[in-house]
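Below is one structure, written out as structure tokens; comments come after it.
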Amino acid sequence: MRLATVLLCASLNCLAASSIDLEKLMSAPFAAELTPGPGGRVAWVLNSLGARNIWIAEAPDYKGRPLTTYFKDDGLEIGGLHWLPDGSGVVFTRGGDLEHPGSVNPNPALNATIPEQAVYVAMLATVGARKLAEGHSPIVANDRVVYIKGGQVWAVELMPDSKPVQLIGSKGTASELIASPLGKAFALVSTRADHSFIGVYDMVQNQFRYLAPSLDSDLHPAWAPDGRSVAFVRIPAATIAPRFGPTPTAKQPWSIQLVDMANTAKSRTVFEAKPGPGSRFAINSGGTPLLWGDGRLVFPWERDGWLHLYSVSTDGGEPSLLTPGDFEVESMSITPDRKSVIFSSNQDDTDRRHIWMTGIRAGESPRRMTPGKSIEWAPEMLENGTLAFLHSDTRLPARAAIQTVTGSRDLAPNTIPADYPAALAEPQPVMISAADGMQIHGQLFLPPSGGAAKKPGLIFFHGGSRRQMMLGRHNMYYYSNAYAMNQYLASLGYVVLSVNYRSGIGYGLNFREATNYGAAGASEYNDVIGAGLYMRGRADVDPKRIGLWGGSYGGYLTALGLARGSDLFKAGVDFHGVHDWTKLRRGIENDPEMARVAFQSSPMASVDTWRSPVLLIHGDDDRNVPFSESVRLVEALRDRKVHVEQIVYPDEVHDFLTHGHWLESYRAMADFFGRML
Numbered sequence: 000m001r002l003a004t005v006l007l008c009a010s011l012n013c014l015a016a017s018s019i020d021l022e023k024l025m026s027a028p029f030a031a032e033l034t035p036g037p038g039g040r041v042a043w044v045l046n047s048l049g050a051r052n053i054w055i056a057e058a059p060d061y062k063g064r065p066l067t068t069y070f071k072d073d074g075l076e077i078g079g080l081h082w083l084p085d086g087s088g089v090v091f092t093r094g095g096d097l098e099h100p101g102s103v104n105p106n107p108a109l110n111a112t113i114p115e116q117a118v119y120v121a122m123l124a125t126v127g128a129r130k131l132a133e134g135h136s137p138i139v140a141n142d143r144v145v146y147i148k149g150g151q152v153w154a155v156e157l158m159p160d161s162k163p164v165q166l167i168g169s170k171g172t173a174s175e176l177i178a179s180p181l182g183k184a185f186a187l188v189s190t191r192a193d194h195s196f197i198g199v200y201d202m203v204q205n206q207f208r209y210l211a212p213s214l215d216s217d218l219h220p221a222w223a224p225d226g227r228s229v230a231f232v233r234i235p236a237a238t239i240a241p242r243f244g245p246t247p248t249a250k251q252p253w254s255i256q257l258v259d260m261a262n263t264a265k266s267r268t269v270f271e272a273k274p275g276p277g278s279r280f281a282i283n284s285g286g287t288p289l290l291w292g293d294g295r296l297v298f299p300w301e302r303d304g305w306l307h308l309y310s311v312s313t314d315g316g317e318p319s320l321l322t323p324g325d326f327e328v329e330s331m332s333i334t335p336d337r338k339s340v341i342f343s344s345n346q347d348d349t350d351r352r353h354i355w356m357t358g359i360r361a362g363e364s365p366r367r368m369t370p371g372k373s374i375e376w377a378p379e380m381l382e383n384g385t386l387a388f389l390h391s392d393t394r395l396p397a398r399a400a401i402q403t404v405t406g407s408r409d410l411a412p413n414t415i416p417a418d419y420p421a422a423l424a425e426p427q428p429v430m431i432s433a434a435d436g437m438q439i440h441g442q443l444f445l446p447p448s449g450g451a452a453k454k455p456g457l458i459f460f461h462g463g464s465r466r467q468m469m470l471g472r473h474n475m476y477y478y479s480n481a482y483a484m485n486q487y488l489a490s491l492g493y494v495v496l497s498v499n500y501r502s503g504i505g506y507g508l509n510f511r512e513a514t515n516y517g518a519a520g521a522s523e524y525n526d527v528i529g530a531g532l533y534m535r536g537r538a539d540v541d542p543k544r545i546g547l548w549g550g551s552y553g554g555y556l557t558a559l560g561l562a563r564g565s566d567l568f569k570a571g572v573d574f575h576g577v578h579d580w581t582k583l584r585r586g587i588e589n590d591p592e593m594a595r596v597a598f599q600s601s602p603m604a605s606v607d608t609w610r611s612p613v614l615l616i617h618g619d620d621d622r623n624v625p626f627s628e629s630v631r632l633v634e635a636l637r638d639r640k641v642h643v644e645q646i647v648y649p650d651e652v653h654d655f656l657t658h659g660h661w662l663e664s665y666r667a668m669a670d671f672f673g674r675m676l
């Protein structure tokens, strides 16, 4: 038995017989990057115990099989999947930091040489992959693989021993490569310090042009089906939001611009958001935020306070609301006939995601495509009419699946280990009252019956903060792992509460842009206290044994709870948390009042009242939250004789790249809480 289980037995009349093996609980692979291909094919990335591979499935049998053969937990990510036009293979990126492409490559496995980030091709007729060139984000245009290296655009032929050539040399950093429908050109975003352009490179003419360059930030290019024009999102200058504070409206509303390729110097405005709610461009995650349908453009907008889909004619005019109701849309894609859009949302099921479809013109009510209580996202309608998507449930993490007229099924069911735990806690939806009265959603994990009447309680805070935890395994790898850990803690005898605090997504614009949240006043602390009082008031929780844990933004709230509420919270585990907003808040340099509020909103401002023991866990190559955030905190806590334990992973990034680091951290957390609570 694990040490934590042994220690818990002493205080809980021994629940070890019903506890779950953590290693087995985290043994099921996680699927991501679902990518449709020609002829009804589909590909995805499968992360199994840290070894990442590309899997594919083809019509008509759709039996998933691996396309690559990597076996080590080496911390090398795979992403940026792109099918060859004839469906004979997939190009992709392996290695590097896919969240921060082009940065120094991470090396969490501590290899003698830093692994490279490179573009590969894997052919369906063979096994394994072949390196094409160093770089990332590949697409295929005019029979060449186009990719990014050092912020610039390069190309390489598919045949062996081809030499890469640089296509574009520009001041900006390239991103968002997207090939034209006929594959003879591609568009990109060129990002500068305070603005960005949309560019198009003609592969036949070897000509590069910027589309209606302006002083603004242009993003998310989308080609017309005939390739004769490009639409994109324009965010006006001076409306970029400051980080980690409420910004519900913009000085100047965002718009959709359209450029005719026959006259690239000018654009025309197809749509402009109205002032007020929705004037700031927002999208949750997944898919392309601007879709070109049959004569209409589909886009997200928060005009009514919820992130919904709208469409507008490419000639302009009034937009049509496609998804009315008190819910939010997440990932979306256009159907092959370009007459409908399929999307995931929490309509009629607030703390889950399901797939819906609706026409791109007003008047059609969305219809749900995936029944039941699982969680579905990343929908893609394949060329043959098969619906492909990713899904999870209360027991199993993300898997690739299809739905046909005969029903739904997983594409690779044989990848689930035979000894994966069968019985897990069914998370219960709960509502808690924050200290200021706001109603907050959460998920409650109850331990097996038996043992002591009153059990220790643990409260989990997700990161982001633009996230929403759900009633099942999450659609992000980081939080799928966190869900598994909450299940494990419940099996050990803890009552576990996962809190969807204010400033998260899923509950509308006003909830996400909550008054004085984050660096503008830490109003989420009301939710921390409310969660603690909820747990203290439960008949099955020992009020003297309540702990906190979370990562990133959740690490911030964990630290804030321990610093301000050590009387209520007896111990905490803080993964790579933010401890001083003045080091991360954008726009603070010339605003003393903003700096003062940001510091007062930070755990470091209340470190004098911090008494509860804490375990700090951080990788020192973190590109999201500086490692120095933990260094400064531990120094301050030691000066005040607070009990601090630490786990440091040299050369590891924010979202741990190695499966071994997740396992080690979670074992250490269980051990820590076992001793402290």
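Here the sequence shown is numbered in numbering that gives the first Met the number 0, starting from 0 and rising by one per residue. Don't be surprised by glycine CBs; every beta carbon is placed ideally from N, CA and C.
Given a threshold of 16 other Cβ atoms within 10 Å of its Cβ, counted over all protein chains shown, does residue i qualify as buried or as exposed?
i      : result
Gly316 : exposed
Lys569 : buried
Leu662 : buried
Phe70  : exposed
His642 : exposed
Lys23  : exposed
Leu380 : Contrary to the premise, residue 380 reads as Met rather than Leu in this sequence. Classification for Met380: buried.
Arg279 : buried
Leu218 : buried
Leu645 : Leu is not the amino acid found at residue 645; the sequence shown has Gln there. Exposed, because fewer than 16 other Cβ atoms sit within 10 Å of the Cβ of Gln645.
Gly384 : exposed
Leu181 : exposed
Lys148 : buried
So for residue i, helix, strand or coil by DSSP?
i      : result
Thr268 : strand
His219 : strand
Leu176 : strand
Phe231 : strand
Leu389 : strand
Ile197 : strand
Ala140 : strand
Thr349 : coil
I'd like the span of the alpha helix (DSSP H) that includes residue i, first residue to last.
i      : result
Glu634 : 627–638
Pro591 : 591–599
Ala558 : 552–563
Leu491 : 476–491
Arg622 : Here Arg622 belongs to no alpha helix (DSSP H), and DSSP marks it neither H nor E.
Arg279 : Neither: Arg279 is in no alpha helix (DSSP H) and is coded neither H nor E.
Leu508 : 508–511
Glu22  : 21–24
Do residue i and residue j have their CB atoms nearer than 8 angstroms?
i      : j      : result
Val126 : Leu80  : no
Ala56  : Val41  : yes
Val494 : Val540 : yes
Trp548 : Leu457 : yes
Ala481 : Phe459 : yes
Tyr665 : Met484 : yes
Ile401 : Arg408 : yes
Ser565 : Arg639 : no
Glu327 : Ser344 : yes
Per DSSP, residue i forms a beta bridge with which residues?
i      : result
Ser343 : Ile354
Val44  : Ala31, Ile53
Val311 : Leu296
Ala538 : None; Ala538 has no bridge partner.
Thr403 : Gly406
Ala154 : Val145, Val164
Lys130 : Tyr119
Lys71  : According to DSSP, which records beta bridges pairwise, Lys71 is partnered with nothing at all.
Pro426 : Answer is none; Pro426 lacks a bridge partner.
Ser254 : Arg233, Glu271
Ser319 : Ser310
Gly88  : Met122
Gly384 : Gly384 is not bridged to any residue.
For residue i, report the span of its beta strand (DSSP E) as first-last.
i      : result
His658 : No beta strand (DSSP E) contains His658, which is instead part of the alpha helix (DSSP H) from 658–675.
Met468 : Here Met468 belongs to no beta strand (DSSP E), and DSSP marks it neither H nor E.
Leu496 : 494–499
Arg208 : 206–209
Phe460 : 454–460
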